[in-house]
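Each residue of the sequence shown is one higher than the last, beginning at 55 in my numbering.
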Amino acid sequence: MLLTLLDGYVDEPACLGVPPYISPYVRYAAGAIIDAGHRCQYRTVDQWRQGASLDGELLLVITGALVPGRYLRGMPLSCRELKTISATFNGPIILGGSAALHGIGHGGGASPRAADDLVDYTAEKDADTFIYDVLHDTLRQRHRTREEWRRWALAGASVVTEHPDFPDTLLAEIETYRGCPRYLTGGCSFCMEPLYGRPSVRSVESITAEIGRLHHHGVRHFRLGCQSCFYSYGSDDIGSRETPQPNPAAIHQLLTQIWKAAPHTRVLHIDNANPSVIACYPDEAAEITRLITRYCTAGNTAALGMETADAAVRRANNLNATPEDTMAAIRLINDIGGERGDNGMPRLLPGINLLFGLPGESDDTPQKNRAFLKQVTREGLLLRRINIRQVVPVRGHHTGTDTGALQRFKQWVNESVNRPMLRRLVPRGTVLTDVYLEIHRGKQTFGRQIGSYPLLVCLPYQEQTGCYVDVKLTGHGYRSVTGVGYPLNINEASLDALASLPTVGEKRAARIIAGRPHTDMDELAGVMDDEFRPGAISAWCRFG
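Encoded structure:
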């Protein structure tokens, strides 16, 4: 039997599956279908939006955006779209992913919309086990076993070749363990991870076998992002302590074995780190940070879940880390990971998450968050990313957010923190290598490096998309940078591209084009006005 697996994309606290990412959940589900002896047709929701057919006799939809963000392209499946699919698909529909249990999210601050009335079945635990059992004439809600986890991760790896981003930009999200060590006290009030109970940790052999199989199929970009805290992987304390003591030897074994299994890897990044673990065990955390900078590729980010600097909010929601813990983690990661790598970005920097709409908030909450960020900037520390979002309530009620106060806080962060920090992070003239150009908006072209939380790069002119270029930076926005292709070919570049070079502008760009071809900078200077200084662009361009 042919089954259709529709990837509606997931964005969860510990997993990302929005392009260019592919989540492990759809790979596991494909593996379960294949292991059950059936054929799997994989489709992304973007392919469906563009007219691709859903041909299976049964449809499994995996989706769930519980941490909705801004996406350059590829939006998670909406409730309206699922309704359309439900009305047109001729066969049973199963809904999996976090949407099956919590509903389909539609923006921060809003409760997800239950979708069980739009489908025939909901897989409220693991979608892969549910479909496997359905294909064996059984309806059960259960989690996969360790053996199924290992088997289906391997069997479903081939589905990556059907993803529209394969092979150039596809980034495989890898799960190292499921659940959160803080389940012992219920974990953070807004998070779904503690609901899994005692964390289930994959072995190094299981993880690297999956990465090796994905690498065999052509994947070259990996993120160890599907876990609540990367620094806690392999700890003997997981399941017995909320703040487990890190195990550097386990991390070392994992990272070295990944390179043996996937030697042609181009990107290896992580995500998610518990600042309390780093602050409580600075020696072990420092050793792991050094391992990350050594064995992972540059441009890496460790997202720290502080959520708020307001102690009252932290107590009301059983949150994870104090501001002091988070500041200690920021200092440690900056000290070890701040060196610039070969792609133009620092090797490893921290990011922080700030969450609004939680119980216990007051008018003082934004001010306390502001004071924390001021301390970061006073100490000259760098944050790769400040993620400010509204809670999506999946475990009870939220308080609502003063949207005006939130917008004023975001504007302050953009003007006082983001842009000044971005100028220090990647100064004017920095060359970012391997920027993949993705979309046009008006006369502009936008792209990103592949990896965790990459900078959005704008070329202020039309350039061919679907290719990698190096970009030399000319300016900074709040959360993005502007630049030109590097080195820019003087004899082939467009008027708009030439005008984007330092000191050139449209009039000088027109002179350059009128006098082409040019063989060197002296010849170029001969067609320019007297005030033109060749040295201003000599380090930005080429003539061949």
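All C-beta atoms, glycine included, are put in the ideal place defined by N, C-alpha and C.
Let me know if residue i comes out buried or exposed under the rule of 16 or more other beta-carbons within 10 Å of its beta-carbon.
i	result
GLU433	exposed
LYS314	exposed
ASP325	buried
GLU546	exposed
LEU476	buried
SER592	exposed
GLU259	exposed
THR347	buried
SER294	exposed
ASP396	exposed
MET55	exposed
GLU247	buried
GLN518	exposed
GLY505	buried
SER416	exposed
SER554	buried
Tell me which same chain residues have a C-beta within less than 8 Å of the C-beta of residue i, skipping the five on either side of it?
i	result
ILE148	LEU112, LEU113, LEU114, VAL115, VAL173, ASP174, TYR175, THR176, ALA177, ALA181, PHE184, ILE185, VAL188
PRO481	LEU527
GLY145	GLY110, GLU111, LEU112, LEU113
HIS318	HIS269, ARG274
ASN543	CYS595, ARG596, PHE597, GLY598
ARG502	LEU126, VAL489, TYR490, GLU492, PRO508, LEU509, LEU510, VAL511
Among the residues of its own chain, which have a CB less than 6 Å from the CB of residue i, if the five just before and after it don't count?
i	result
CYS245	PRO67
MET399	ALA352, GLY353
ALA327	CYS283, PHE284, TYR285, ALA356, LEU358
ASN441	ASN407
ALA263	none
PHE220	VAL214
TYR335	GLN299, PRO300
Which of helix, strand or coil does DSSP assign to residue i?
i	result
PHE426	helix
PRO420	helix
PHE410	strand
CYS595	strand
GLY458	helix
LEU59	strand
THR355	strand
ARG236	helix
GLY266	helix
GLU546	coil
PRO73	coil
LEU225	strand
VAL467	helix
SER260	helix
ASP65	strand
SER4	The first residue shown for the chain is 55 and the last is 598, placing residue 4 beyond what the model contains.
LEU345	helix
THR199	coil
ARG394	strand
MET360	strand
VAL115	strand
LEU403	strand
GLN104	coil
ARG385	helix
VAL485	strand
List the whole-angstrom C-beta distance separating residue i from residue j, where the pair is believed to meet the contact cut-off of C-beta under 8 Å.
i	j	result
TYR490	TYR522	5 Å
GLU560	LEU549	7 Å
GLY609	ARG167	Nothing about residue 609 can be reported from this structure: the residues present for the chain run from 55 to 598 only.
VAL213	VAL80	7 Å
THR117	GLY62	3 Å
PRO377	PHE426	5 Å
GLN95	LEU136	Rounded, the Cβ-Cβ distance is 18 Å, inconsistent with contact.
ASN372	GLY240	6 Å
THR557	ALA590	4 Å
PRO130	ALA141	PRO130 to ALA141, Cβ: 20 Å. No contact.
ALA303	TYR287	Contact doesn't hold; Cβ gap of about 11 Å is too wide.
GLY210	GLY85	3 Å
Within the 8 Å Cβ cut-off, does residue i reach chain B?
i	result
TYR231	Structure shown: chain B not included; a single protein chain is present.
Residues in the same chain with beta-carbon distance under 7 Å from residue i, minus the five sequence neighbours each way, listed in chain order, please.
i	result
ARG533	ASN472, LEU510
ARG232	TYR250, PRO253, SER254
ARG127	PRO73, GLU492, ILE493
CYS280	ALA68, CYS69, PRO78, GLU227, ILE228, GLU229, THR230
THR98	ASP61, HIS217, PRO218
LEU238	GLU296
ARG478	LEU436
**Asked** Enumerated in chain order, which unbroken segments of the beta strand (DSSP E) with a length of 3 residues or greater are wholly contained in the stretch 277 to 334?
**Response** 321 to 324
**Request:** Report the residue ranges of all beta strand (DSSP E) runs contained in full by the stretch 490 to 543; include only those spanning at least 3 residues, in chain order.
**Result:** 498 to 502, 510 to 513, 521 to 530, 534 to 539
**Request:** Quick one: which unbroken beta strand (DSSP E) runs of 3-plus residues sit fully inside the stretch 553 to 588? Chain order, please.
**Result:** none
**Asked** Considering only residues of the stretch 118 to 161, which uninterrupted alpha helix (DSSP H) runs meet the minimum length of 4 residues and lie entirely inside it, listed in chain order?
**Response** 133 to 142, 152 to 156
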